[in-house]
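Just so you know, the sequences run in chain order A and B.
Following the UniProt record's numbering, the numbering of the first sequence begins with 1 at its first residue and continues without gaps.
Following the UniProt record's numbering, the numbering of the second sequence begins with 1 at its first residue and continues without gaps.
Heads up, the beta-carbon is just placed ideally off N, CA and C, and yes, glycines get one too.
Notes for the one structure printed next.
Protein chains: 2
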Amino acid sequence: MTPKPGKVTQREIARIAGVSQTTVSMVLNDRDGSNIRIPDATRERVRRAIEQSTYVADPAARRLAGLDNKILGVFTYESALTPESMDFYGPLLNGIERAAESLGCDLLFFTSSPVEEGRRRLFHRQTRLRLADGCVLLGQQMDGDDLERLVAEDFPFVAVGRRDETDAPVPYVGIDYGALTGALLDRAAELGHERILYMHRDRNSPTARDRLAAVARADGPDVALAVVGDDFAGVPGLVAETGATAVFAEDAFLVEDIALALGDEGAGLSLAALAEVRGHRIGGRALSGFHTPRQQIAAEALALLQELISTAPDERGGIEIQRLLQGEVALGDTLTARGGAR
Amino acid sequence: MTPKPGKVTQREIARIAGVSQTTVSMVLNDRDGSNIRIPDATRERVRRAIEQSTYVADPAARRLAGLDNKILGVFTYESALTPESMDFYGPLLNGIERAAESLGCDLLFFTSSPVEEGRRRLFHRQTRLRLADGCVLLGQQMDGDDLERLVAEDFPFVAVGRRDETDAPVPYVGIDYGALTGALLDRAAELGHERILYMHRDRNSPTARDRLAAVARADGPDVALAVVGDDFAGVPGLVAETGATAVFAEDAFLVEDIALALGDEGAGLSLAALAEVRGHRIGGRALSGFHTPRQQIAAEALALLQELISTAPDERGGIEIQRLLQGEVALGDTLTARGGAR
DNA sequence: CTGAAAGCGCTTACAG
DNA sequence: CTGAAAGCGCTTACAG
């Protein structure tokens, strides 16, 4: 007469072991302080009862009673697991999975969040956000209101990528794109480039602004800016007009499109992406750009998140919540000395 | 005097709206049956109070009170998000994410499960399994005890891939590798191959057995079997010995290794994988093998899981819980008519 | 050393 | 039509 398959509770264990349910809880959680002292004999009895049953603590009840859940939320502003998004999210997710493994945490992906204007909404009527002890946010652009609210509610979270869309200080772990951009410009200058064309998508994200700001304060080469959309027909003209000997673009895909649009006219022109270039080649040559430590970002983000989770809101002041990691310039083969065919 | 940031409860809403907490719950859940009839005015008052607050239902409490959580578990016997595993898991995870999105469910990845003997354990002291309404299991090999226990506990779950390691009937959605193998052998026969070498890893998984069984009952060509490990030095000898004009292997990676080991001696030899071959090429030619509908498997698995979740255990009898989907033979370029160079 | 009690935030019979 | 009460399974003061 099994009471109900698959639903053993502490009360049941207590009955078997002949103790109170409280004691079972104490044993399970290794509570062993000044005023609670459970003799090994009792402890052992409870342990055996648990082992012989299929007892597992109900995580919902634990959570309700105020304990950590060992569940970390993962919120992505776009679908994370599509083949296209894996290029960007893949290394991050991999790093997150590994970090979660070693922290003993499960990962809750908020795939249910309703999509509005092409992006998911974090807060909605049925959000399971609170089931997680904390949350990692991923995405090129984030919603400032979401971030404000998370801060206001003292909910532990960490954004991946630098954030500046709020007044409130948002915890983040990101890459120092400004520094990388500066370094790449210096390199271009060394190679003799005096006029560079920077093509970007005019996106309103902090990292996009970081690149633009770094480009704007370049003291070596003269950098012309151009916004591109989906049409690359005007690219050759732009290059000619500006007299650029090198074209930089916001990301590797953009460089690929630009190279395609340039065709033979691109021969002799240097190319580089102000972003991760791993695995990208242009006409057989390794694209110049950056190497960004994305696995490390993920690990660092989860470490920070854990810190926030295990610290009371009013004591988080001591934690350095905004962290920029340094990437490195990937020289590649497409940024070469000025003086090619054109 | 905000009571505590980020923790608005139904009681709070009730106070504001001047109703009982029960009524708030009723409104939230649209309970509107024979004996409960809440006037629109009241309903509206509650709605407004909710909208003006930042109320979100505590999922832990809902769950404890017996409601569905809209959380689906995802358990993988190996790490799912590594670059290497993405080849296999990627399309499945993508399909799962999409299905979860359209079902309005969140996804709980059990990354915390302790690893024993290279594989994760589903059941452990702190498993958050029960937080999910149901669970999808992924992995080439699964633990029979895990499956038995899930069945015994009436926990809704679906395995991806055919299962046969238990007496109890395990719900699964898989590919009919037996049929595919038969079809590929027929094709080989049509192309004049009379002696085929099938190289496999001697894995003890249902799909591995399905392939072997189909190979064994081939009535056309004569198929020799060989187990390979990490050493492929003996491959050329084996081919010569058996007089095979075609070599089949368990998966695309294995074919690649074999092709490498054969080198020039492989010229004229037909090659095929008894598995998904998308994206695999051998010496520039598209590898022959199968196309398996992995996105569809994921969708079907989640649909079945939803069915199980929303059906009481004693009424699940009517559900067809074991589903094999048909893939298709990918002709490719490496399975050609007999009579090449050798 | 150990148990009875209150409480976490919700849902759902059960009374008005 | 609406509220007071019990209960989901757990944890943690608080009494013995």
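Answer yes or no: does any C-beta atom of chain B fall closer than 7 Å to that of residue i?
i: Arg88 of chain A; result: Correcting the residue identity first, residue 88 of chain A is Phe in this sequence and not Arg. No - not a single Cβ of chain B is within 7 Å of the one on Phe88 of chain A.
i: Ala17 of chain A; result: no
i: Arg195 of chain A; result: no
i: Val56 of chain A; result: yes
i: Thr42 of chain A; result: no
i: Pro221 of chain A; result: no
i: Pro156 of chain A; result: no
i: Pro293 of chain A; result: no
i: Pro236 of chain A; result: no
i: Glu101 of chain A; result: yes
i: Ala61 of chain A; result: yes
i: Thr9 of chain A; result: no
Grab me the residues of residue i's own chain with a C-beta within less than 6 Å of its C-beta, minus the 5 sequence neighbours each way, in chain order.
i: Val24 of chain B; result: Gln10, Ile13, Ala14, Val46
i: Phe109 of chain A; result: Val74
i: Leu147 of chain A; result: Thr166, Val170
i: Gln322 of chain B; result: Tyr172
i: Ala286 of chain B; result: Gly332, Asp333
i: Ala49 of chain B; result: Ile13, Ile16, Ala17
i: Arg203 of chain B; result: none
Can you tell me whether residue i is helix, strand or coil according to DSSP?
i: Met26 of chain A; result: helix
i: Glu320 of chain A; result: coil
i: Glu117 of chain B; result: coil
i: Arg195 of chain B; result: strand
i: Tyr177 of chain B; result: helix
i: Asp219 of chain B; result: coil
i: Val247 of chain A; result: strand
i: Asp210 of chain A; result: helix
i: Tyr89 of chain A; result: helix
i: Asp106 of chain A; result: strand
Would a check of beta-carbon distances place residue i closer than 7 Å to chain A?
i: Glu97 of chain B; result: yes
i: Pro169 of chain B; result: no
i: Arg278 of chain B; result: no
i: Ser112 of chain B; result: yes
i: Leu108 of chain B; result: yes
i: Tyr94 of chain B; result: It is Asn, not Tyr, that sits at residue 94 of chain B in the sequence shown. Asn94 of chain B counts as touching chain A.
i: Cys135 of chain B; result: no
i: Arg128 of chain B; result: yes
i: Glu315 of chain B; result: no
i: Arg119 of chain B; result: no
What's the C-alpha gap between residue i and residue j?
i: Tyr89 of chain B; j: Asp32 of chain B; result: 43 Å
i: Gln306 of chain A; j: Gly134 of chain A; result: 8 Å
i: Thr2 of chain B; j: Leu64 of chain A; result: Residue placement at Thr2 of chain B cannot be trusted, given a pLDDT of 33 that sits under 50; what the coordinates show is reported in the next sentence. For Thr2 of chain B and Leu64 of chain A, the distance between alpha carbons rounds to 21 Å.
i: Asp154 of chain B; j: Ala60 of chain A; result: 19 Å
i: Arg201 of chain B; j: Gly95 of chain B; result: 28 Å
i: Glu97 of chain A; j: Pro83 of chain B; result: 12 Å
i: Tyr177 of chain A; j: Lys7 of chain A; result: 52 Å
i: Leu138 of chain A; j: Thr111 of chain A; result: 13 Å
i: Leu325 of chain A; j: Asp219 of chain A; result: 24 Å
i: Gly263 of chain A; j: Ala208 of chain A; result: 27 Å
i: Leu122 of chain A; j: Glu315 of chain A; result: 26 Å
i: Asp143 of chain B; j: His124 of chain A; result: 38 Å
i: Leu103 of chain B; j: Ile297 of chain B; result: 16 Å
i: Val56 of chain A; j: Pro39 of chain B; result: 43 Å
i: Phe232 of chain B; j: Leu254 of chain B; result: 10 Å
i: Asp164 of chain B; j: Val151 of chain B; result: 13 Å
So, at 7 Å on beta carbons, what are the nonlocal neighbours of residue i in its own chain, with the 5 sequence-adjacent residues on each side left out?
i: Ala337 of chain B; result: Leu191, Gly192
i: Ser79 of chain A; result: Ser85
i: Val223 of chain A; result: Ile196, Tyr198, Val215
i: Pro221 of chain A; result: Leu185, Ala188, Ala189, His193, Glu194, Arg195, Ile196
i: Pro91 of chain A; result: Arg294, Gln295
Considering only DSSP beta bridges, list what residue i is partnered with.
i: Ser288 of chain B; result: B:Ala272
i: Asp202 of chain A; result: Partner(s): none; Asp202 of chain A has no beta bridge.
i: Phe157 of chain B; result: B:Cys135
i: Thr76 of chain B; result: B:Leu138
i: Arg281 of chain A; result: A:Ala286
i: Glu328 of chain A; result: A:His291
i: Leu225 of chain A; result: A:Tyr198
i: Asp264 of chain B; result: BP columns for Asp264 of chain B are empty, so no partner.
With a CB to CB cut of under 8 Å and the five nearest residues on each side skipped, what residues in its chain are close to residue i?
i: Leu184 of chain B; result: Phe248, Ala272, Leu274, Ser288, Gly289, Phe290, Val329, Leu335
i: Gly283 of chain B; result: Ala259
Any chance the CB of residue i is under 6 Å from a heavy atom of the ligand MG?
i: Leu67 of chain B; result: This structure simply doesn't include the ligand MG, nor any ligand for that matter.
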